[in-house]
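S.K.:
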Amino acid sequence: MTKLLSTIFLLTFLTVSAYSQQPGDAGRPIRGKVIEQTTGAPLPGTNITIKGTSQGTTSDQKGEFSIRANPGQVLVFSFISYEAQEVTVTANTRTLDIALKEDQKQLSEVVVTGALGIKRAAREFGGGAQVVSNESLNQGKTVNPLVGLTSKVAGLRINMYDSKVDPQIQITMRGSRSLNRAKNAPIYVVDGIPVPEITRLNPNDIESITVLKGANAAALYGSEGVNGALMITTKSGSRGRGTVKFSNTTTFSRVFLLPPAQTKFGQGVNGVYDPTQAESWGPAFDGTMKDFGPVLPSGSRHQILYAAPSRDNRLDLFQTGVNLQNDVSFSGGDEKNTYFFSVQDVAIKGIIPEDQSHRTGARFNGTRKFGKLNTSYNVNYVYFKKNTTPDGPWITAYSLPANFDFNSMKDWQNPASYANPNYFFTDLQKNPYHQIDNTRDVSEQQTINGKVELDYQVTPWFNAMYRIGMFSTSTQTRSTTGKFEAAGRRNVNGSVSDGSNNFQRLNGDLILNFNKQFGKFSTRLILGQNFRSDYTKTATVSASNLLLPDLFNPGTRIGELTGSSSITQYRSLAGYGEFTGGYNNYLFLTLTGRNEWVSVLSKENRSYFYPGVSASFVFNEAIDALKNSRFLSFGKVFASWNKTGNVTLEPYSLNNPYSQINGFPFGNLVGFTPGTKYPNPNIQPEFVTSYEAGVQLGLLNNRLNVEGSYVFSDSKGQIFNATTSRATGYSSAVVNAGRLTNNIVELSVNGDVIRNSALKWNVGFNFTHINNEVKELYEGLQSFNIFRQSYANLGQQYPSLQVSDYRRDPQGRVIINPTTGEPLIAADPVHLGTMVPPYQMGVSTALQFKGFSVGAQFDWRMGGWLYSEIVPRMYTAGTDPRTAEFDRQPFIFPNSVIQNADGSFTPNTTVLSKGDKAFWTKQGEVQINTAAKSDYFKLRELSISYSLPATLLSKQKVVREASLGFVGTNLFIIRHKDNQYGDPEYLYNSTDGYLSFRQVPPYRTYGFNVNLTF
Amino acid sequence: MNKILKIAIVATLTVSFSSCSEFLEVNNNPNAPVNENLSLSAKLPAALVSTVNQETGQLNQIGAFWAGYWGTTSEGVNLFVDLKSYNGPAIRHQRDGIPVWENGYTTLLYYQLIREQAQTEGALFYAGIAKIMQGWHFMRLVDIYNNLPFDDALQGTRHPTPRYENGKTVYEKSINLISEGINDLKNAPAGVGPGADDVLFKGNKGLWIKFANTLKLRALIHQSEADNQAYITAEIQKIQAEGSGFLGVGENAFVQPGYLNTATKLNPFWESNYRTVQGASTGNHQDLRPTVFLLEQYKLRNDPRLATLYTTVGTDYKGVLFGNPNAEAQYNRANTSVFKGPQENNDKPGALFKSATQPSVLMGSFESLFLQAEAAQRGWITGSAKMFYEQGIQESFKYMEVAATAFAAYNAQPTVNLDQVPDKMAAIITQKWLALNSISSIEAWTDYRRLGLPAIPNSLDAPAPTARPLRLMYPESERQTNNNETSKQGSDDIIKDKVWWNQ
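Next comes the structure, spelled out in structure tokens:
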């Protein structure tokens, strides 16, 4: 690093000294020192100018400088590849200590956080890497940092599961390498420590995220790195004056994209109105007043207007969500210490009434130097609480009649009200507000995450580091259902379930780092050893029959207590090494190797080794003709090959565990049954071989940056839980089988369209095409079911959407039964396409004009398919618009044919299909009716902000910077015309393109934020 | 440099290796036992309970609708629509369907693992039980799906896509398996075998063998119309050669694991169709009603079982029309008869609902007696059809809480007395039907498919007036995992394709 810096210094010095001016001869003398923010090393050759004048100077070898300036004048500190800093001289300014921050826009000098958290020049990097800055990450002011990354990085696919107050996120880098759909996420590494999740990490604490895309970059992290790595660097303090930052973001969220519902027919049965039926199979709305529900205690019956509402009543069930974020951070430091301290509070009110979450977190990052020993430590504590209702209310809403008046149903506690569960209009559905109030899931989680790092500089070319990290979560849950005594289906059992889940991870690395320069050759050797220990303990205790309606304790129960507990341990050990050789700072070769021992495999199989090699070549610096080219500022080609071992097996998977179900034990009588997963004690590690080649170009003085790469990966002998025929006795089997290849093209283009002092307009575009293919499956099988309609099919993209369809003639027309008019169902399912969009594009634009800045992030995904399980239920309930298309009358099924005796087909013009409930319910079961292409284009994030001009702030001394802005997400979306079902991005049970009624429907958010720096 | 490097490497590697083996020894499951930890007696009860749960739950429900016992109230018009409209694709649906296949094979696996362990340990009694019960399940699945895997089944990934075999072949192999089971039981040394863990017969070998023989008889009766007389005769001879006979008067196959009136431990039939653990009337109890046709059949015979089975509305018993797509007021909950249990019967047990801890019926003596009556009537076995028939009715009276004294008057009626009825076979099947009501309904559906008896009216929601359910479609899960084999079985239709003994 020092070496690199001095090289930079030399180059820079030569360049800038030619332009450096004599010290100003007017004003008061000011002395000071310029240092590099991260390392604290002096920055000799920094250009220091007085703004608006031609006066200036440069810092000397020690980084020190002196200049004369008057109060009110602005000093500009600039250094190539560092962000310029401006300081206003005041009457008291005598000395100035400045720490400059690396500017990561200069391609040739980009520093990335490589494996093991070791920062290195991007130039020596033989794989794809992309850095996302704090500003870009926080453009949409998201609570979860992963959401903030969405569509910003080529090759990275991030999906939200739904719109809960604490939505789950799926993240996949460069497609699926594993048929085990839960095992395609990259590893998260926070300040050098691998952690299982970063959901609770405050995105404002993140300085930058380096996305290491290839397996090569992460090979040193072991198996989990096979899917790439997110190297997260949290903020650190910088030397100099302490800084206090405060920001507030308030956003509002509104539900949208509900699947449409028909408004022609109301509640009833077979065309006849029925006051106590929930399904919309009654007569057409006629504008009359009708009885609604059973007879009330008053002896009367509630009356409703039987008319189609002018607006979607279902929207009344959803409220405007509010998301309040407040952030304060303090940072500072001196010669030996730096510190960064932040506190964040996030309060979210969900779009489902009463859903809320609260997160309060604090972080302390510090460093201290003791001579040759550098220490750094950080600790992050987050308290998170959420209180939600389980799926239910909104599922109910999908099947209620169009004229159902949600707003009048809140008064359920009133014993005389028609909203009371005793008198709710039907006993086959619940009052959604009763569900909301009465069924609650509360979860409190505390996350503690910290590390200690000791780095000893043994000799100038050798340092030894030990880094130990701890990640622990403790989650306490309570699920309650209030007892409501009533007749039959209206009765609700009181229940309570208390759970606790404790997870601890310890991770330790010993890293020996050797650096030596031999003339034009540079070498670096890293040797390391790692241990990892994961420990999980869960326990639940519950009672399903409580005595009292408002006392939720298992002690106040009728009957027996139930509960369970489990302990899970996972451990691994590894030894690893990396050697990098460089020539003349433009040609690099890196070799890596790691041997891993994991506890989850049998003794014979638990040790495995995997190697990697990568190279990079900065050709514009090596080829004389390209040196100092005005067009090409930076040019690099890189390539890598890796073979990475991976064990995706859960602990204890080598045997089939037995458990007691069906009420056992009955007193002393035990009864054990085996699990339905066929175990395989001989599971071995799976291996992914990947090749990557790419080019990185900085053009027109780095105004236009282009990066492109081609990646091929080949996963063999995959460990996955294959769904098997139930006739095998098991529902699935753990196998070492299957081969999946990925052909990936990635392209990122980023350029400043306009770049001048007044206006800066940057446009970025990233494109990813993933063409994967299932090459082999277990035992010569053609097809494997993954989850419901999701399959792995030989020779096709993974995962494939396969659905049931009608029997069709060669022209694709539906064959119907000539007597009943019922469409015939094909025995075999049809394959529609892949459920993961193979084309993903992100477009970003950032405009800065004076104090204004506008940032937008567009997301465009194409080529995938989705299936909705919501709509079939709406067919059954008679709420789907299609059920009203033919006015519930017998009709000729569109585009239908009748099969003649000789096998030919005649278009059907006479045979009527019934068009009643039974008919439409059956059509709902034909899955092709509710499948659609999942293409979309959306404005994912929009942010507009205005920074108050310095002149305005200079009148006071408290606030140094201030800005305010507007933020919005999902402001618009264009979907494929067939997709009326929901947000195609949402997923369910780790399955892309699967829309479930359990998902809280999509929302959009908009709001404002205020940032102040003191 | 070299020296330091060497030391570093050695140190690193030493740390790794020396602690390696011990550090990594954490993969023994501390949370659950595995196969080797458990004795046969810890497994058998769970398997038997699993069998009877499927019989009295899932299968009984399908049978009760399709054998003419149950309909729904007007309020419940939207309940059980898939069964009422014979919606094959919905019934085979992976999540919302009725997983008869899946549950059947899972229970078969339980017996397979017991059987393998018993064979290893030389525990013949357990091996025999496992084989008999596997025979039960395989034939049950054939009754519902027809062709299916037998030889290839239950072996995990050894046969990941098990080959289907003809339904008839599976029947034959199952009967042979039951015979093997009987041999194992006979060869099991006295005093060695299950006791309390045998929740069916408490280790009574004689009853097990009689049960096995009855099961074989049932399998043969199923194929009465399948033009397979030579086989039937041969198999009957084997049963007679064995000599133990069938389940007779007082010999019921009841499963009693020790039900408790507490959550998850109630008799499941009670809990799903009568009262919840809280004592609230269940959804099924609210909306399931006897059909008009069923009540007529009891009334026609002045049947004393009516009074213990159902409540009256006013002074009469009122039923519903199966599959009625309209919600007519006369079929409302309040206007129709409901299952009687202790709460509607002055705390005395009802015919079907006696107590939350009542045993589950796997096979009642009455079923066995009616099977024997039919076999005797067909001349397959010796003995008087009339005697078996009358014993069957008496045993049914006994089970349904009707005083034994009521039998004489009942049997004196020309509509009941086997000597006086015009069609003896119809009388036997109808009496069997009246006895199996809501207990072993799936067998009643089989009898209807086989003989068209009694003349059950079709669902008003049937896709066509003459369309009747004949089998279930292969489940979606099987289409997803074993489609090559499933496709080979050809047409897969609920109202068109018959199982082998019905062709």
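Keeping their order, the protein sequence lines are chains A and B. Take the first sequence: its position 686, counting from 1, is numbered 760 in my numbering, and each next residue is one higher. Take the second sequence: its position 128, counting from 1, is numbered 351 in my numbering, and each next residue is one higher. Virtual Cβ for every residue (Gly too), placed ideally from N, Cα, C.
For a test of the three-state rule: what should DSSP assign to GLN636(B), helix, strand or coil?
M.R.: Coil, per DSSP.
S.K.: If ASN258(A) and ASN301(A) are in contact, beta carbons under 8 Å, what's the gap, nearest whole angstrom?
M.R.: Indeed they touch by this definition, with Cβ atoms about 6 Å apart.
S.K.: Please name the residue, chosen from GLU678(A), ASN575(A) and LYS1007(A), that lies closest to SER244(B) on a Cα-to-Cα basis.
M.R.: Ranking GLU678(A), ASN575(A) and LYS1007(A) by Cα distance to SER244(B) puts GLU678(A) first.
S.K.: By Cβ distance below 6 Å, which residues in the same chain neighbour SER450(A) in space, the five residues on each side in sequence not counted?
M.R.: Contacts found: THR441 and GLU527.
S.K.: To the nearest whole angstrom, what separates the beta carbons of LYS1007(A) and HIS1050(A), a pair I think is in contact under 8 Å?
M.R.: Contact holds; Cβ gap of about 4 Å.
S.K.: What did DSSP end up calling PHE691(A) once you bin it into helix, strand or coil?
M.R.: Three-state DSSP puts PHE691(A) in a strand.
S.K.: Quick check on ALA350(B): does DSSP put it in helix, strand or coil?
M.R.: Correct three-state label for ALA350(B): helix.
S.K.: Would you mind working out which of ILE604(B), SER588(B), PHE593(B) and GLY606(B) sits nearest LYS621(B), comparing C-alpha positions?
M.R.: Ranking the options by Cα distance to LYS621(B), first place goes to SER588(B).
S.K.: For my contact list, GLY1081(A) and VAL1033(A) are in at a C-beta cut-off of 8 Å; report their separation, rounded to the angstrom.
M.R.: That belief does not hold up - the Cβ atoms of GLY1081(A) and VAL1033(A) are roughly 22 Å apart, past 8 Å.
S.K.: On the criterion of 16 or more Cβ atoms from any shown chain inside 10 Å, does VAL532(A) qualify as buried, or is it exposed?
M.R.: Exposed.
S.K.: Taking the alpha carbon of ALA419(B) as the reference point, which residue from ALA561(A), PHE339(A) and GLY741(A) has its own alpha carbon closest?
M.R.: Out of ALA561(A), PHE339(A) and GLY741(A), GLY741(A) has the C-alpha closest to the C-alpha of ALA419(B).
S.K.: Go to PRO491(B), then tell me how far its beta strand (DSSP E) extends in each direction, as first and last residue.
M.R.: That residue, PRO491(B), is in no beta strand (DSSP E); its alpha helix (DSSP H) goes 491 to 496.
S.K.: Counting only beta-carbon atoms, is PRO417(B) nearer than 8 Å to chain A?
M.R.: No, because no Cβ of chain A sits closer than 8 Å to the Cβ of PRO417(B).
S.K.: Could you check the C-alpha separation between GLY327(B) and LEU364(B) for me, to the nearest Å?
M.R.: Cα to Cα, the separation comes out at about 7 Å.
S.K.: Between which residues of its own chain and ASP716(B) is the CB-CB distance below 6 Å, once the five residues before and five after are set aside?
M.R.: No residues qualify anywhere along the chain.
S.K.: Could you spell out the range, first to last residue, of the beta strand (DSSP E) harbouring ILE455(B)?
M.R.: Unbroken run through ILE455(B) is the alpha helix (DSSP H), 452 to 465; no beta strand (DSSP E).
S.K.: Please identify, using Cβ separations under 8 Å, the residues of the region 976 to 1002 of chain A that lie next to chain B, in order along the chain.
M.R.: So the close ones are ASP990, LYS991, ALA992, THR995, LYS996, GLU999 and VAL1000.
S.K.: Determine, using beta-carbon pairs with one atom in the region 511 to 530 of chain B and one in the region 661 to 672 of chain A, whether at least three such pairs fall under 8 Å.
M.R.: With the cut-off at 8 Å, the region 511 to 530 of chain B and the region 661 to 672 of chain A do not touch.
S.K.: How close, in whole Å, do the beta carbons of TYR650(A) and ASN604(A) come, if the pair is a contact with beta carbons under 8 Å?
M.R.: Sure, about 7 Å apart at Cβ, within 8 Å.
S.K.: Give me the residue from ALA256(A), PHE153(A) and ILE104(A) with the minimum Cα distance to ILE793(A).
M.R.: The option with the nearest alpha carbon to ILE793(A) is ALA256(A).
S.K.: Considering Cα atoms alone, identify which of ASN982(A), SER970(A), TYR941(A) and ASN974(A) is closest to GLN1001(A).
M.R.: Comparing Cα-Cα distances from GLN1001(A) to each of ASN982(A), SER970(A), TYR941(A) and ASN974(A), the minimum goes to TYR941(A).
S.K.: Residues in its own chain within less than 8 Å of ASN558(B) by CB, not counting five upstream and five downstream?
M.R.: The residues are VAL536, LYS541 and ALA552.
S.K.: With a threshold of 6 Å on Cβ separation, who are the neighbours of THR246(A) within its own chain once the five nearest residues in sequence on each side are excluded?
M.R.: So the qualifying residues of the chain are ARG231 and ASN258.
S.K.: Quick check on LEU506(B) - is its C-beta less than 8 Å from some C-beta in chain A?
M.R.: According to the sequence displayed, residue 506(B) carries Gly and not Leu. It does: the Cβ of GLY506(B) has a partner Cβ on chain A nearer than 8 Å.
S.K.: Can you name the residues of chain B whose CB is closer than 9 Å to the CB of SER878(A)?
M.R.: Chain B residues near SER878(A): PRO312, GLU699 and ARG702.
S.K.: Going by beta-carbon coordinates alone, are SER312(A) and THR412(A) separated by less than 8 Å?
M.R.: Yes, these two residues count as a Cβ contact at 8 Å.
S.K.: CB ARG935(A) to CB ASP1009(A), shorter than 8 Å?
M.R.: Closer than 8 Å, so yes.
S.K.: Quick one: what's got a C-beta closer than 7 Å to THR216(A)'s C-beta in the same chain, skipping five residues either side?
M.R.: So the qualifying residues of the chain are GLY222 and PRO277.
S.K.: Could you tell me which residues DSSP pairs with VAL263(A) in its beta bridges?
M.R.: DSSP, once it has assigned bridges, lists PRO268(A) and MET305(A) as partnering VAL263(A).
S.K.: Using a Cβ distance threshold of 8 Å, determine whether the region 694 to 714 of chain A contacts the region 772 to 780 of chain A, with at least three qualifying pairs required.
M.R.: Enough Cβ pairs lie closer than 8 Å, so yes.
S.K.: Once DSSP output is grouped into helix, strand and coil, what is the label at PRO357(A)?
M.R.: Three-state result, PRO357(A): coil.
S.K.: Taking only beta-carbon positions, decide if THR628(B) is within less than 8 Å of chain A.
M.R.: No, THR628(B) does not count as interfacial toward chain A.
S.K.: For ALA900(A) and ASP879(A), what's the separation of their Cα atoms in angstroms?
M.R.: So the two alpha carbons sit approximately 6 Å from each other.
S.K.: List the residues of chain A whose Cβ lies closer than 9 Å to the Cβ of GLY360(B), in chain order.
M.R.: First, the residue type needs correcting, since residue 360(B) is His and not Gly in the sequence shown. Residues of chain A passing the Cβ test: none, with the nearest at roughly 11 Å.
S.K.: What are the residues in the region 322 to 333 of chain B lying within 7 Å of chain A by C-beta distance?
M.R.: For the region 322 to 333 of chain B, which is checked against every Cβ of chain A, the residues closer than 7 Å are TRP324, GLU325, TYR328, THR329, LEU331, LEU332 and TYR333.
S.K.: Going by Cα to Cα distance, which pick from TRP994(A), LEU174(A), GLU160(A) and THR308(A) is closest to ASN208(A)?
M.R.: Considering only alpha carbons, the answer is THR308(A).
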